[in-house]
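Novice: Top line first, the protein sequences correspond to chains A and B.
Residues 138 to 464, numbered by my numbering, are exactly what the first sequence covers, in order.
Residues 138 to 464, numbered by my numbering, are exactly what the second sequence covers, in order.
Cβ coordinates follow ideal geometry from the N, Cα and C atoms, glycine included.
Remember, predicted model here, so these are calculated numbers, not experimental data.
2 protein chains.
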Amino acid sequence: MIIAVDAVGGDHFPENPIAGAIEALAEDKNLKVLLVGPEEMIKTELEKYNYDKDRLLIQDAPQIITMDDSPAAAVKGKPQSSIAIGIAAHKQNKCDAFVSAGNTGALLAASIFILGKLPGVQRPTIAATYPTIKGFRLLMDAGANLELKPEMYVQFAQMGTIYAKEILEVSEPKVGLLNVGEEPEKGADIHREAFTLLSALPNFEGNIEGGDILPATVDVFLSDGFTGNIVLKLGESFPEALQYLVGKTMKESGLEESTQKMVAGILQKSLRTFNYEHVGGVPFMGVNGISMVGHGGSSPLAIKNLILNAARCVELKINDKIVASLQ
Amino acid sequence: MIIAVDAVGGDHFPENPIAGAIEALAEDKNLKVLLVGPEEMIKTELEKYNYDKDRLLIQDAPQIITMDDSPAAAVKGKPQSSIAIGIAAHKQNKCDAFVSAGNTGALLAASIFILGKLPGVQRPTIAATYPTIKGFRLLMDAGANLELKPEMYVQFAQMGTIYAKEILEVSEPKVGLLNVGEEPEKGADIHREAFTLLSALPNFEGNIEGGDILPATVDVFLSDGFTGNIVLKLGESFPEALQYLVGKTMKESGLEESTQKMVAGILQKSLRTFNYEHVGGVPFMGVNGISMVGHGGSSPLAIKNLILNAARCVELKINDKIVASLQ
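(1) Taking beta-carbon pairs under 8 Å, can you tell me which members of the segment 400-425 of chain A lie near chain B?
(2) Bridge partners for B/Thr262 per DSSP, in chain order?
(3) Quick one: list the residues of chain B neighbouring A/Pro352, beta-carbon separation under 9 Å, in chain order.
(4) Can you pull the chain B residues whose beta carbon is under 9 Å from the beta carbon of A/Gly347, in chain order?
(5) Do you know how far the Cα of B/Thr386 is from the Cα of B/Asn412?
(6) Anything in chain A within Cβ reach of B/Met387, meaning under 7 Å, just list it in chain order.
(7) Cα-Cα, which of A/Leu379, A/Lys228, A/Met138 and A/Pro216 is closest to A/Leu194?
(8) What are the boundary residues of the alpha helix (DSSP H) that includes B/Val465?
(9) Let me see if you follow: with CB-CB separation under 8 Å, is A/Phe363 close to chain B or not?
(10) Excluding five sequence neighbours on each side, which residues of the same chain lie with their C-beta closer than 8 Å to the C-beta of A/Thr410?
(11) Could you check whether the Cβ of A/Leu315 sits closer than 8 Å to any Cβ belonging to chain B?
(12) Please state if the CB of B/Glu346 and the CB of B/Val355 are separated by a distance shorter than 8 Å.
(13) So is B/Leu283 in contact with chain A if we call contact Cβ pairs under 8 Å?
(14) Apply the 10 Å Cβ neighbour rule to B/Gln217 and answer buried if 16 or more other Cβ atoms are within range, or exposed otherwise.
(15) Could one say the Cβ of B/Ala331 lies closer than 8 Å to chain A's Cβ atoms, at least one of them?
(16) Apply the 10 Å Cβ neighbour rule to B/Ala141 and answer buried if 16 or more other Cβ atoms are within range, or exposed otherwise.
(17) A/Ala198 and A/Gly174: beta carbons closer than 8 Å?
(18) Are the Cβ atoms of A/Phe235 and A/Ile249 separated by less than 8 Å?
(19) Roughly how many angstroms separate the alpha carbons of A/Gly362 and B/Ser436, rounded to a whole number?
(20) Quick one: Cα of A/Met422 to Cα of B/Val317, how far?
(21) Residue range of the beta strand (DSSP E) that B/Lys169 falls in?
(22) Are the CB atoms of B/Pro352 and A/Ala378 nearer to each other than 8 Å?
(23) For the segment 259-270 of chain A, list every residue whose C-beta sits within 7 Å of some C-beta in chain C, in sequence order.
(24) State yes or no: is the beta carbon of A/Ala238 nearer than 8 Å to at least one beta carbon in chain B?
(25) Measure the C-alpha to C-alpha separation of B/Asn187 and B/Ala144 and round it to an integer number of angstroms.
(26) So is A/Ala209 buried or exposed if we call it buried at 16+ other beta carbons inside 10 Å?
(27) Mapping DSSP to helix, strand and coil, what is B/Gln380?
(28) Taking Cβ positions only, does B/Gly297 come closer than 8 Å to chain A?
(29) Any chance the CB of B/Leu463 is under 7 Å from a heavy atom of the ligand NAD?
(30) List, from N- to C-terminal side, the alpha helix (DSSP H) runs of 4 residues or more that fit wholly inside the segment 146-221 of chain A.
(31) Cβ closer than 8 Å: which chain A residues qualify as neighbours of B/Ala247?
(32) Report yes or no: do three or more beta-carbon pairs, one from the segment 392-411 of chain B and one from the segment 241-257 of chain B, lie closer than 8 Å?
(33) Would a check of beta-carbon distances place B/Gly324 closer than 8 Å to chain A?
(34) Using a 10 Å radius around the Cβ and a threshold of 16 neighbouring Cβ atoms, would you call A/Pro151 buried or exposed?
(35) Give the interface partners of A/Gly280 over in chain B, defined as CB-CB distance under 8 Å, in chain order.
(36) With distances taken Cα to Cα, identify the nearest neighbour of B/Val170 among B/Thr181, B/Tyr300 and B/Asp191.
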């Protein structure tokens, strides 16, 4: 098993991708990592570490796609980038998956363009793992497709069900359609049409509302990528807002320093479920390969989990199961 | 000043609307309240209280629009409902505003149908007060218009600016367009077109993302009603989810009962800003009158604040200011 890692993806490269790769190698002895990026930069950074040289390979890719590059232009204009070369290596079976904390749009574009779609898939999607009181659940689409066709909701539901079951280990995943009310007639035409088509799925529970996400009344939250992206980023912002509010309350109450620390510790522990580092990243579902993207600010821990998550997708043959489910 | 109150609106009628009305009368001695609903039911409930009878009037309205009634059918099919009669009384200048914790859709439909639109307004909107680390800010549309035209964003921005300044007391309100990224070209066609039109407003700060809401990087968050409604309900669900997570963490840590209570108290105080009771409700902006809706679960405190908020809208001549701003 070889997982290719974008050595120049995210806000902290090459430090974090390389540190995360080395942590992943230490954790899973069956794993090999292929670092993709400017060879000299990678070699210089690797000098900091002791690691199993037989399990860490390097693929030179001199160009760097930045977080600000427009996706289409980046993929076309930088054919020697880590993303283009890494995805191509995956296409040529030189590795089993490609992961990056870099430019999501560019990675999605390259994945669709180079790897192509799985048989039967209309449109690949980004499925985000969303923190709930029951643990991580799936929100999809999280930003890949701003507008959907009704039948795309159904495919997303089918792909999400597989992922929730296999990777999130939810035994019988339930699916809900994010809407402005529970009744079937709620929403715009697109939502009513999607509701009708989704009703053919045995695990479709109907419409859900914004207030159903955190209590996880279902396990797969279906949405267009516009609303999904806003819901995703709003969720990511809870912990910081909350820590600010609690800190302010404690200061104003004149609590002792030690008590303040204790409360902050409880809060941090409680919000652990909101920490994306533990899931590492999210897959592009529906592409003919395993391509995953992590948060731009990914820590070494997040990168490690991104790599291990990709390895699990390979091991569990997620894509074979998706293809079977869509037939 | 007479504020009409729907005595049979919300999940807890007539108890909560009437209790809230009496609290409002106690707080503002210049206020009169007109309770609208089935006369006998109101009179029976009023027997529980001591109050200034000169300042509490009753308008009989024998029909009740339930929370489940479809808006259009309710307004047409129940012409003797508290909502229809209350809004009509406002139209006839028998009161200065109408407030209800009842069926939002029915109240919006009745408000538009009976009161009409303010001069120059394309479409009235629901502006929700959204909790942020800086206090309440405005999210609009919060569910009245699922799909918008580009020019509607501009009017919402103008109306929201007035409300944020006058009622939320933000000295120089800034406006942002909720989108999937900050760059002007982000989003679908509708968002790019809205961005272009909004750029003519002096207080438009550009696109904002889901993560900009809680830190309140701007004061008026513009959105279509579909995304807005989901964002609103997601926000309302934070406190409960959080209290659950913190409670669970504390139990698992085996903290002493007294410490658990102390932490729960700090949390509750910190989340005070998320408590809709303190704003009471939200106005339908753009209708030719003052019509406000509260949460279905409104407590007496929430109803009281809903009434006082409506009174402030009247006093501050919000609608005159909106008309002037749209010219």
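Specialist: Reading from the atomic positions:
(1) Val400, Ile403, Leu404, Lys406, Ser407, Leu408 and Thr410
(2) B/Met422
(3) Ser374, Glu377, Ala378 and Tyr381
(4) Asn366, Ile367, Val368, Leu369, Lys370, Leu371, Gly372, Glu373 and Ser374
(5) 23 Å
(6) Ile403
(7) A/Met138
(8) The structure shown does not extend to residue 465 of chain B, since chain B spans only 138 to 464, so no value can be given for it.
(9) yes
(10) Pro268, Thr269, Ile270, Gly272 and Phe273
(11) yes
(12) no
(13) yes
(14) exposed
(15) no
(16) buried
(17) yes
(18) no
(19) 36 Å
(20) 20 Å
(21) Lys169 to Gly174
(22) yes
(23) In the structure shown, chain C does not exist; the protein chains are A and B.
(24) no
(25) 17 Å
(26) exposed
(27) helix
(28) no
(29) Only the bare structure without any ligand can be found here, which leaves the ligand NAD out of the picture.
(30) 152-164, 176-183 and 208-214
(31) None at all; the shortest Cβ gap to chain A is about 19 Å.
(32) no
(33) yes
(34) buried
(35) Val317
(36) B/Asp191
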